[in-house]
Amino acid sequence: MQRHRNYYDRGVSGSNRVYVLLLILIGILTAAFFIGGYRRANGNIDEYGNEITEGTSVDVSGEGTTVSTADAEAVAEKFYNNSVFVGDSIMAGFAGYASSSEAPEFLKKAVFLASVSYGVGDALKPAGSGVVHPMYKGVSQPVTTSIAEIKPERIFINLGINELNGVSAEKVGKKYGQLIEKIKEASPNSKIYVISLTYIVNGKEKEHFTNAGIKVYNQYLESHCKEWGATYLDLASKMTKDGNSLPAEYSSDGYVHHNKAGYALWVQFLKDTAVKYINQ
695 MQRHRNYYDR
705 GVSGSNRVYV
715 LLLILIGILT
725 AAFFIGGYRR
735 ANGNIDEYGN
745 EITEGTSVDV
755 SGEGTTVSTA
765 DAEAVAEKFY
775 NNSVFVGDSI
785 MAGFAGYASS
795 SEAPEFLKKA
805 VFLASVSYGV
815 GDALKPAGSG
825 VVHPMYKGVS
835 QPVTTSIAEI
845 KPERIFINLG
855 INELNGVSAE
865 KVGKKYGQLI
875 EKIKEASPNS
885 KIYVISLTYI
895 VNGKEKEHFT
905 NAGIKVYNQY
915 LESHCKEWGA
925 TYLDLASKMT
935 KDGNSLPAEY
945 SSDGYVHHNK
955 AGYALWVQFL
965 KDTAVKYINQ
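Position one of the sequence shown corresponds to residue 695 (this note's numbering), numbered consecutively onward.
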C-alpha cells in the first residue's frame, strides 16, 4: 500500500507541474495581448503611416480629447485641404506666415482672400465700386466671386475690426449675416466658420474702438452663427492672458496686428479646431 501511495503522489506532483507551466504560458500570452491593445488605444502606433510615433499629445480644450501630435497634423492636413480664409490685414499677415518656412504643411494648400483695411461692408460691394477686393488668380474681385470659382469645402471668415470704430456691433453683425448668405449662394455645399476678432493691446484702445466693443461684437456673432448656418470659432480667448486684451508679445505693431508668436497661436488653434470638427 505504501508503494502505491508513493507512486500516486508522484503522479499528482507531475500533473501539478504541467498545470503550473500551462498557467504561466497563458499568463504570458494574456499580458502580451493586453499590452498590444493598450499601445494601439493610446496612439503609439501612427494609424496614418503604421510607424511608431513620439508620445507627445495635443489636448483639445473643453473637449476632453487628446490626440498625438502626429495625428493632429494629419487631421489638420485633411481638414484644411480645400479651404479658403477670408479677412483683412490681420488675415493677410497670416497668409504671409502661412507661406513661410515656419508654417505647417497643412496651411500650404489653403487659399487666402485677404485685403488691407477690408471690411464686412466692403465684401458686400460689387466689383468696380471702388473697393480694393482681395486678389485671386491675379484679379481683384469680391470674395463671393472667388468662392464661386473655388467651391471650397470649408470657408473661414475673420472680418469686422476695421468697422467697429464708432459703428455698433449689431450694425456690423447684420452685414455679416448678409455676407454669409451671399457666400452660401456662391458655394452652397461649403461649411462656414466665423473666427472671432482678437483684442487690442492694453492701453491702445480708442474712444470708440475698445476691447469691450470687440467682446460685444464677438458675442453677437456667436449668438447668430446657428441662425446663419455657420460655426463660431473663439480665437480671441486663445490670444489673451487677462481675458480682456491682446498681449503685446503677440503684436507686431503694439496695437491689433499679430507677429510670428501670435500666428503660432493661430496654428495651434486651427489644429485643435480640425480635431474638434473633422467629423462634423
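Idealized CB from N, CA, C, for every residue including glycine. Note that this is a predicted model, so its numbers are computed, not measured.
Which two residues bound the contiguous alpha helix (DSSP H) that contains Thr839? Membership of Thr839 in the alpha helix (DSSP H) is indicated by the continuous run 837-844.
Reference Val910; option with closest CA among Glu921, Leu858, Lys920: By alpha-carbon distance to Val910, the top candidate from Glu921, Leu858, Lys920 is Leu858.
Residue(s) in a DSSP beta bridge with Gly781: Secondary-structure assignment with DSSP links Gly781 through a beta bridge to Ala808, Asn852.
Is the beta carbon of Ala817 sitting closer than 9 Å to the one on Pro836? yes
How is the alpha helix (DSSP H) around Leu959 delimited, first residue to last? 954-971
The stretch 823-841 in contact with the stretch 862-869 per 3-pair CB rule at 8 Å: no
Any chance the stretch 766-784 sits against the stretch 938-949, with 3 or more Cβ pairs inside 8 Å? No, because fewer than three Cβ pairs between the stretch 766-784 and the stretch 938-949 fall closer than 8 Å, the two stretches do not touch.
Measure the CB-CB distance between Tyr774 and Arg848 and report whether it falls below 9 Å. yes
Reduced DSSP secondary structure (H/G/I, E/B, other) of Ser881: coil
DSSP bridge partner residues for Leu927 (one or two, in chain order): Ile889
Inter-residue spacing [alpha-carbon to alpha-carbon] between Lys965 and Glu875: 27 Å
Cβ of Ala792 within 8 Å of any heavy atom in the ligand ADP? Inclusion of the ligand ADP in the displayed structure is not the case, the ligand content being empty and no account of it being possible.
Neighbourhood of Ser811 by C-beta, 8 Å cutoff - its chain only, sequence neighbours within 5 removed: For Ser811, same chain residues with a beta-carbon under 8 Å away, outside a window of 5 residues either side, are Asp782, Ser783, Val826, Asn856 in chain order.
Measuring straight from C-alpha to C-alpha, what distance separates Lys954 and Gly822? 35 Å
For Lys885 and Ala942, I'd like the C-alpha separation in whole angstroms. 33 Å
Whose C-alpha, out of Leu853, Thr934, Gly871, Lys878, is nearest the C-alpha of Tyr893? Thr934
Burial state of Ile972, where buried means 16 or more other Cβ atoms lie within 10 Å: exposed
Look at the Cβ atom of Val969, then the Cβ atom of Ala766, and state whether they are nearer than 9 Å. Yes, the pair counts as a contact, with Cβ atoms nearer than the cut-off.
Could you spell out the range, first to last residue, of the alpha helix (DSSP H) harbouring Val950? No alpha helix (DSSP H) contains Val950, which DSSP labels as neither H nor E.
Glu745 versus Ser939 - alpha carbon distance: Bear in mind that the predicted position of Glu745 carries a pLDDT of just 28, short of 50, making it too unreliable to give a figure here.
Please list, in chain order, all residues of the same chain as Ile851 whose beta carbon is under 6 Å from its beta carbon, the five residues on each side excluded. Val780, Val888
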